[in-house]
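Take the sequence shown: its letter number 53 is residue 56 in our numbering, and every next letter is one higher.
Down below is the structure, laid out as structure tokens.
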Amino acid sequence: MENEEELLLDELVDTEEHDLVVFNDDFNTFDHVTKILIKVCKHSQEQAEQCTMIIHYKGKCSVKKGSIGKLKPMCESILDAGIQATIV
Numbered sequence: 004m005e006n007e008e009e010l011l012l013d014e015l016v017d018t019e020e021h022d023l024v025v026f027n028d029d030f031n032t033f034d035h036v037t038k039i040l041i042k043v044c045k046h047s048q049e050q051a052e053q054c055t056m057i058i059h060y061k062g063k064c065s066v067k068k069g070s071i072g073k074l075k076p077m078c079e080s081i082l083d084a085g086i087q088a089t090i091v
């Protein structure tokens, strides 16, 4: 019974909303960040450009919401592209 409860709790925790946050830097171009957001997060061109502008002017932007399980591979792909990102 305890294992079932633990599994249910793990599922509940994983469905909580988290944010995938991308940070500004001084070396990635607008074009590169925009292309990565389209590829990794499945953003539209306009959505990716808006997020890129927010990242540039505000220093960071939440680019996707979801569970840790959904966001972790996206975060790793963004990091692999040389862009700073984290899940909060």
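Don't be surprised by glycine CBs; every beta carbon is placed ideally from N, CA and C.
Selection Ile90, Phe30, Met77, Ile57 evaluated against Lys45 yields Met77 as nearest (Cα-Cα). The alpha-carbon separation between Glu52 and Lys73 amounts to approximately 22 Å.
As DSSP reads the structure, Gly69 sits in a beta bridge with His21.
DSSP lists no bridge partner for Phe33. Around the beta carbon of Leu82, fewer than 16 other beta carbons lie within 10 angstroms, which makes this residue exposed. Bridge pairing for Thr89: Val24 [DSSP]. Less than 8 Å divides the Cβ of Lys68 from the Cβ of Asp22.
Short of 6 Å from the beta carbon of Thr89, and not among the five residues preceding or following it, lie these beta carbons of its own chain, in chain order: Val24.
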